[in-house]
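Visitor: Each step along the sequence shown adds one to the number in my numbering, with nothing skipped, and position 217 is 1394.
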Amino acid sequence: MTSICNLSPTIRPAVDKTVREIALEQPSSIRVFEYFGIDYCCGGRQPLTHACASRNIPVEAVLGALAAVQAISQPAAVSNAKDWNKAPLSDLAKHIATTHHAYVQRELPRLAVLAQKVVSRHGDTQPELPMIQELLRSLDAELTPHLAKEEAILFPYIEQLERADAPGTAPKACFASVASPIAVMCAEHEAAGALLLQIRHLSRAFTTPPGACPTYLAYYAGLHEFEQDLHQHIHLENNILFPRAIALEGSLSEQLAS
Ligand SMILES: [Fe+2]
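1) Given the structure, does E1414 come close to ligand 1, in the sense that its CB is under 6 Å from one of the ligand's heavy atoms?
2) Looking at ligand 1, does it come within less than 6 Å of E1327, judged from the CB to the closest heavy atom?
3) Where does G1132 land, buried or exposed, given buried means 16+ other C-beta within 10 angstroms?
4) Checking 7 Å against the spacing of the C-beta atoms, do C1219 and E1328 come in under that value?
5) Counting Cβ pairs, one atom from each stretch, are 3 or more of them under 8 Å apart for the region 1356-1367 and the region 1284-1298?
6) So what does DSSP say about T1195, is it helix, strand or coil?
7) Secondary structure at P1387, three-state DSSP: helix, strand or coil?
8) To the nearest angstrom, how far is it from the Cα of R1381 to the Cα of C1390?
9) May I ask you to report which of helix, strand or coil DSSP gives P1224?
10) To the nearest angstrom, how far is it from the Cα of A1325 to the Cα of Q1223?
11) Output needed for Q1310: all residues of its chain with C-beta closer than 6 Å, excluding positions within five of it in sequence on either side, in chain order.
12) List the whole-angstrom C-beta distance separating I1148 from L1269, where the pair is believed to meet the contact cut-off of C-beta under 8 Å.
13) Roughly how many angstroms lie between the CA atoms of P1186 and I1199, to the nearest whole one?
14) Just curious, the alpha helix (DSSP H) that S1206 is in, first and last residue?
15) Check whether the Cβ atoms of A1360 and Y1334 sit closer than 7 Å, and answer yes or no.
16) Given that a residue counts as buried once 16 or more other Cβ atoms are within 10 Å of its Cβ, and exposed if not, what is S1428?
17) Cβ of M1308 within 6 Å of any heavy atom in ligand 1?
Put into structure tokens, the structure is as follows:
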């Protein structure tokens, strides 16, 4: 096993960083956090050591995996682990809407159909299935209006902010600061994350019983994939889009005041 002391100087400081910081600096780390079930979005503000300890995961194992994915991510070929820290905010908002929002809107109805089938066939012997179905309905009720608010109000405002590069051109809005709707969106992310965590626990981390039918397998695989996508989605908003939008609004306000 990799020892902390044997890690390269570029990796070793990760021990002292928060999970969120690592996710921002090394986008490929998200795959590692997903693998180990470490929360890097809503709960990412704790040090990696604490996150590992709370889940009984040896920190050396996570550091070793971080080093491994960093090594294979070095070539330019990498992937969808794009660094959004420097991309235009309008590009990021568009990416979130067309990739992650579209995925949620596509997947929730499909998962609802699978949930109904699995409950009707196995709900009598698997009492957690009706509970998971109810949680999925709550998730839909939470996320559907949330996405609509982001696409109708928040994202267009952020795009206008980015275009307002001259004093006196700050966009008009129904709120005093972009921090207000962002705080509401973050609270809704927390609520959605909590519902998914309950689904994870009830499903024993998406583990189907022996001999499960293909529908059952597809349902749990779909729920697991949905969880992973939502984590990436919330990470892009909470950790990159929203802080950058607040900073941009602040710099425009300073220009107006000067
Ligand atoms: Fe959101």
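No residue lacks a Cβ here, since even glycine has one placed at the ideal position from N, Cα and C. Treat the numbers as computed from the prediction; the structure is a model and nothing was measured.
Guide: Taking the definition as stated:
1) In this structure, E1414 has its beta carbon less than 6 Å from a heavy atom of ligand 1.
2) Within the chosen limit of 6 Å, ligand 1 reaches the beta carbon of E1327 through at least one heavy atom.
3) Look at the range of the chain in this structure, 1178 to 1435, and you will see that residue 1132 is not part of it.
4) No, the Cβ-Cβ distance between C1219 and E1328 is not below 7 Å.
5) No: the two stretches stay apart, fewer than three of their Cβ pairs being nearer than 8 Å.
6) In this structure, T1195 counts as strand in the three-state DSSP scheme.
7) If DSSP states are grouped into helix, strand and coil, P1387 belongs with coil.
8) Straight-line spacing of the CA atoms in R1381 and C1390 works out to 17 Å.
9) If DSSP states are grouped into helix, strand and coil, P1224 belongs with the strands.
10) Each residue's Cα considered, the two are about 30 Å apart.
11) Counting only Cβ-Cβ distances below 6 Å, and skipping sequence neighbours, we find A1292 and V1296.
12) Outside the modelled stretch of the chain, which goes from 1178 to 1435, sits residue 1148, for which no answer is possible.
13) Caution applies to P1186, whose pLDDT of 42 falls short of 50 and renders its modelled position unreliable; the model cannot decide the point.
14) DSSP places S1206 inside the alpha helix (DSSP H), whose first and last residues are S1206 to F1213.
15) Result no, Cβ atoms of A1360 and Y1334 do not sit closer than 7 Å.
16) The Cβ neighbour count for S1428, taken over all protein chains shown within 10 Å, is under 16; the residue is labelled exposed.
17) Checking every heavy atom of ligand 1 against the Cβ of M1308, none is found closer than 6 Å.
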